[in-house]
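Peer 1: This is the structure I want to talk about, given as structure tokens.
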Amino acid sequence: MLSTDNAIMVTGLRKTFGTVKALDGLDLRIRHGEIAGFLGPNGAGKSTTLRVLLGLIRADPESPPIEVLGADPWRDAVELHKRLAYVPGDVNLWPSLTGGETIDYLGGLRGGLDQRRREELIERFELDPSRKNRVYSKGNRQKVALVAALAARAELFLFDEPTAGLDPIMEAVFTECVAEIKSAGGTVLLSSHILAEVEKTCDTVTIIRAGRAVEAGSLADMRHLTRFRVEVKLRGSAAALAGLEGVHDLTHDPDRARFTCDTGALDAVMTALAGIGIETLTCAPPSLEELFLSHYATPATPATPAAPDVPVAPAARVAPGDGS
Amino acid sequence: MDARPGVPELAGWGRLAVGIVRRDRLRLAIWLVAVPAIALPTLSAYAAMSETGAGGQARAALMATPTGTVFGGPGYGLDDYTSGAMIANELLLYLVSAVALAAVTLVVHMTRHEEELGRLELVGAAVVGRRAALAAAVAVVSVEVVAIGLAIGAGMLAIPGLPNVDCLAFGLAIAAVGLAFSAIGALAAQLATTGRGAAAIGVGTVGGAFLLRAFGDTATARDAPDWASWVSPLGWANRTRVFVDLMWWPILLALVFAAGVAWAAWAVAARRDMGAGLAASQPGPARAAKNLLHPSGLVWRRTRGALYGWAGGGAILGLCMGPVMAGLGDYLENNPTIAGLFGVDPRSGLNAAVEAFSAVIVLYMAILMAVFVILGLNQFKADEARGFVELELAGPVSRPRLLGATEATIAMSALLGLAFAGTTYLLVVSTDQNLDPATAPGIGGAVLRAFPGLILTAALASFLVAALPRLAALSWLPLAYSFAHAVLAPAFGWPNWTRYFAPLSAVDLSPGEAIDWRAVAVAGVLAIVLFKAAHVAFKRRDIAT
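As given, the protein sequences belong to chains A and B, one line each in that order. Residue numbering for the first sequence is 1 to 324, as defined by our numbering. Residue numbering for the second sequence is 1001 to 1545, as defined by our numbering.
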């Protein structure tokens, strides 16, 4: 029934707060040893999901059973928590304790930390553990929680927007740490709305919106769902492109064309373009950003195939391989 | 830095004040309604009860004892104990103390607490002066205390037999001391680094002022100068000699004091950074001590300061009251009539008086420790809201273990604190040679008799926090009742069953009375049921974010 290959197995998860449906039939499956991204806009239900997975809040009674490392997180929370570590999204720490004391206390609850790892992580995250939590910035509080979690001997790590508040250098340290977890065979669920982070660190991604998963799969799989963006200046007339298989959203002047192109049709389209005669060409590969935005910019409907009929926002950060 | 700092620094304070009133309207309304609503019927009942002649004079004789002085006032007009003199002597101090508590807690809540939650930062970033929030809070609370004072003064006009001018002075004295304490609250909010710390400084100042004037008021009986009552803002209201020989200038003194302290708060506010106290945060240990590595260690670490404060306050109460008891022997010997009120034989009369008095002292100490308990357990709710509980429960810690560690640590601390304060008192009383040494175990017994009530207080607070967190503030209600019972039941001759409505009053502490085992048993069973229910409910509910 429930597979033990999966570190996390959630189907049809519902969670209602009063009249608000925070989670509305969410599916989430993460295999052992996988680094899984969990993407969604603010209020999509990412943190709620993590808190259900931790047994801090209880799924609605009609939800099917949840399995985290083979255990029911609500019933077996204590046993389960010996094997996982968690960093909350909004880290608040006891103001009168120092960062070092906080790390030791949280470790003490688990029966002790790996001391060498503790020292090493404090060094790598450039944390001063003798300062009081009340004077730490948000980023430093985040580091305290990260060190406490990463120094734990855990099989599964749940991170809720772990790098919010970290500077780019510390973000890179965190990415390294995730890679180390992976090479040690650990499993990670990383909630984020920073696409670059997920693209860089994760094997798979689940995109959620309004309490349900709208897309899930490996990043490679997902790219198939989006189209290349092509801008071309032609020697001949662009009008001939209109009827071409796999070409969408075409706008053109007599010699200039802009369109999106199905991944599978690229070969045929390029041949056609070459036939007309290419003067300049830029072709941007699909990014997760496009997929993400396409899901966010349209009204919440369940998993329709990603159709980038929405122009990519000018603020789009990720355009790997942009040839221009 | 700025020659006329008033204008830019205050920018926007009016809008902030409106915002404060809107946000804290419930809090403001409760004090504004509750204090006059409790005060006026009580004042009216006292006035009706008072009668000149033998009864009234016997009461005056009681109020002249050190006990009467400590819990009443300096005793102006005892030789002609009119209803007005009686109200001023026996009730004014409590009204002034209540308004003082309202003032400090409200100002701290509106300033430091908000700052701690980071809300002031949002406001501060908008177009408002740096110290506008402080000014707005003090302004709102000043209006509040003046309104309370005037409501009481105006309401008293309807009580027959009280001169109108004195009624007004009575209300104004309450308002003026209220203003002094709102300024003290503002200063406390600048000195501490946390809302809890600021509240502790503020409430501690009220307690200290109460003791200081108790010391000063009893000094007259020892033929010593009563300077201490003049140093304590709580002593000033009585020093108007309202309804006896009205003087206005102590009210003026309170206003000048209020202005001075407000100025100090204003000056300190300019010298510190947002979020910081006056003293910079010192670095601490980079590693946790062994005894911090489990939940009860953390609870202890975070509450021990408060415990020392509240237990220390109880001990100071004992230290101050001890000499009063020691003096009671001489006093009764010189005043055989009053000794007769307590018992026929002056010697056994002394013991009876000491026992009755000690029961009240121990009850007050238990109330102090109950405040510690309720604050400590309500902290659990605040911790849950701030995500601390989530962090702990995300580790391999069961909910019953976490809640149980909090309950056990706080309840044990409270019992220890009470034992400490009670022992201090006992040691001081024991220095009185006139006292029968056999009285001592009785006083120790009174401390033990207060234990069940304190444990039940913890159980109730824990149940509310765990099962009905939205109603957690209700845990104060039984405590308020116990306090009201302690003050009003003897005066009005409330029937015995009225004591059973609140944990701390349920078991009679008087060493002279037989132990009410039934009440002890009921308290014990109720406590166990409530603790158990708290754990069951906490296991079943969602953890708040």
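Ideal placement from N, C-alpha and C gives every residue a C-beta, glycine not left out.
Check whether chain B comes within 9 Å of Thr19/A, counting only Cβ atoms and requiring the distance to be less than that.
Peer 2: Answer no: the Cβ-Cβ gap between Thr19/A and chain B never drops below 9 Å.
Peer 1: According to a CB-to-CB cut-off of less than 7 Å, which residues of the region 228 to 257 of chain A neighbour chain B?
Peer 2: So the list is empty, because no residue satisfies the distance condition.
Peer 1: So, helix, strand or coil for Arg118/A, using DSSP?
Peer 2: Here Arg118/A sits in helix by DSSP.
Peer 1: So what does DSSP say about Phe259/A, is it helix, strand or coil?
Peer 2: Three-state DSSP puts Phe259/A in a strand.
Peer 1: Do the region 1134 to 1148 of chain B and the region 1174 to 1181 of chain B touch if we need at least three Cβ pairs shorter than 8 Å?
Peer 2: Yes: at least three Cβ pairs fall under 8 Å.
Peer 1: Answer with buried or exposed for Met170/A, where buried requires no fewer than 16 other C-beta atoms within 10 angstroms of its C-beta.
Peer 2: With 16 or more other Cβ atoms within 10 Å, it is buried.
Peer 1: Taking the continuous alpha helix (DSSP H) assigned at Ser1182/B, which residues delimit it?
Peer 2: Its alpha helix (DSSP H) spans residues Asn1164 to Leu1191.
Peer 1: Should Ser47/A be labelled buried (16 or more other beta-carbon atoms within 10 Å of its own) or exposed?
Peer 2: It is buried - the Cβ of Ser47/A has at least 16 other Cβ atoms within 10 Å.
Peer 1: Counting only C-beta atoms, is Arg116/A closer than 9 Å to chain B at any point?
Peer 2: Judged by the 9 Å Cβ criterion, Arg116/A is not in contact with chain B.
Peer 1: Using CA coordinates, which residue listed in Thr271/A, Leu84/A and Arg256/A is at the minimum distance from Leu50/A?
Peer 2: Per the Cα distances, Leu84/A.
Peer 1: Where does His1485/B sit, in a helix, a strand or coil, going by DSSP?
Peer 2: Note: His1485/B maps to helix in three-state DSSP.
Peer 1: Please check the pair Leu28/A and Thr271/A, which I expect to be a contact at CB under 8 Å, by giving their CB distance rounded to whole angstroms.
Peer 2: That pair is no contact at about 42 Å.
Peer 1: Using a Cβ-Cβ cut-off of 9 Å, state whether Asp27/A counts as contacting chain B.
Peer 2: Not an interface residue.
Peer 1: Less than 8 Å separating the Cβ of Pro1074/B from some heavy atom of the ligand FAD?
Peer 2: Ligands displayed in this structure: none; no statement on the ligand FAD is therefore possible.
Peer 1: Rounding to the nearest angstrom, what Cα-Cα distance links Ala1467/B and Glu62/A in this structure?
Peer 2: Those two C-alpha atoms are separated by around 23 Å.
Peer 1: Could you give the first and the last residue of the continuous alpha helix (DSSP H) run that contains Leu1134/B?
Peer 2: Per DSSP, Leu1134/B belongs to the alpha helix (DSSP H) from Ala1132 to Met1156.
Peer 1: Taking Cβ-Cβ distances shorter than 9 Å, what residues in chain B pair up with Asp90/A?
Peer 2: Within chain B, the residues near Asp90/A are Gly1387 and Thr1545.
Peer 1: Span of the beta strand (DSSP E) holding Cys283/A?
Peer 2: That run of the beta strand (DSSP E) goes Ile278 to Ala284.
Peer 1: Report yes or no: do three or more beta-carbon pairs, one from the region 18 to 34 of chain A and one from the region 134 to 142 of chain A, lie closer than 8 Å?
Peer 2: Contact fails: fewer than three Cβ-Cβ distances are below 8 Å.
Peer 1: For Leu1315/B, tell me which candidate among Pro1233/B, Trp1248/B and Gly1422/B has the shortest Cα-Cα distance.
Peer 2: The amino acid occupying residue 1315/B in the given sequence is Ala; Leu does not appear at that position. Nearest option by C-alpha distance: Gly1422/B.
Peer 1: With a threshold of 8 Å, are at least 3 pairs of Cβ atoms found where one atom belongs to the region 1469 to 1483 of chain B and the other to the region 1435 to 1452 of chain B?
Peer 2: Counting Cβ pairs under 8 Å, fewer than three are found: no touch.
Peer 1: Which runs of the beta strand (DSSP E), 3 residues or longer, sit entirely within the region 1368 to 1434 of chain B?
Peer 2: Counting whole runs of 3 or more residues, the region 1368 to 1434 of chain B contains no beta strand (DSSP E) stretch at all.
Peer 1: Just to confirm my understanding: we take Val1447/B, look at its own chain, exclude 5 residues before and 5 after, and list those with CB closer than 7 Å. What are they?
Peer 2: Correct list, in chain order: Val1362, Leu1418, Ala1419 and Gly1422.
Peer 1: Here's the rule: buried if 16 or more other CB atoms are within 10 angstroms of the residue's CB, otherwise exposed. What is Trp1263/B?
Peer 2: Exposed: under 16 other Cβ atoms inside 10 Å.
Peer 1: By how many angstroms is the C-alpha of Ala1459/B removed from the C-alpha of Gly1527/B?
Peer 2: The sequence as given places Ala at residue 1527/B; Gly does not occur at that position. In a straight line, the C-alpha of Ala1527/B is about 5 Å away from that of Ala1459/B.
Peer 1: Quick check on Leu234/A: does DSSP put it in helix, strand or coil?
Peer 2: Leu234/A: strand per DSSP, three-state reduction.
Peer 1: So with CB distances below 7 Å, who are the chain A contacts of Leu1293/B?
Peer 2: Result: Asp104, Tyr105 and Gly108.
Peer 1: Let me know the secondary structure DSSP gives Val205/A once reduced to three states.
Peer 2: Here Val205/A sits in strand by DSSP.
Peer 1: I believe Ser1182/B touches Val1141/B by the beta-carbon criterion, under 8 Å. Please report the beta-carbon distance rounded to the nearest angstrom.
Peer 2: That belief holds up - the Cβ atoms of Ser1182/B and Val1141/B are roughly 4 Å apart, short of 8 Å.
Peer 1: Under the assumption that Thr1105/B contacts Val1203/B (Cβ atoms under 8 Å), give the Cβ distance between them as a whole number of angstroms.
Peer 2: About 7 Å separates the two Cβ atoms, so the contact holds.
Peer 1: Can you pull the chain A neighbours of Glu1009/B, defined as C-beta to C-beta under 8 Å?
Peer 2: In chain order: nothing, as chain A lies at least about 25 Å away.
Peer 1: To the nearest angstrom, how far is the alpha carbon of Gly1343/B from that of Pro1066/B?
Peer 2: Bear in mind that a pLDDT of 47 at Gly1343/B, under 50, signals an unreliable position, so the number given afterwards is only what the model happens to contain. Straight-line Cα distance between these residues: approximately 17 Å.
Peer 1: Thr1105/B by DSSP, collapsed to three states: which one?
Peer 2: Three-state result, Thr1105/B: helix.
Peer 1: Under 7 Å, CB to CB, which of the residues in the region 45 to 63 of chain A have a partner in chain B?
Peer 2: Taking 7 Å as the Cβ-Cβ cut-off against chain B, the residues of the region 45 to 63 of chain A that qualify are Leu54, Leu56, Ile57 and Arg58.
Peer 1: Which class does Thr16/A belong to by DSSP, given the choice of helix, strand or coil?
Peer 2: Reduced to three states, the DSSP call for Thr16/A is strand.
Peer 1: Identify every residue that forms a DSSP beta bridge with His248/A.
Peer 2: Thr260/A, per the DSSP bridge assignment.
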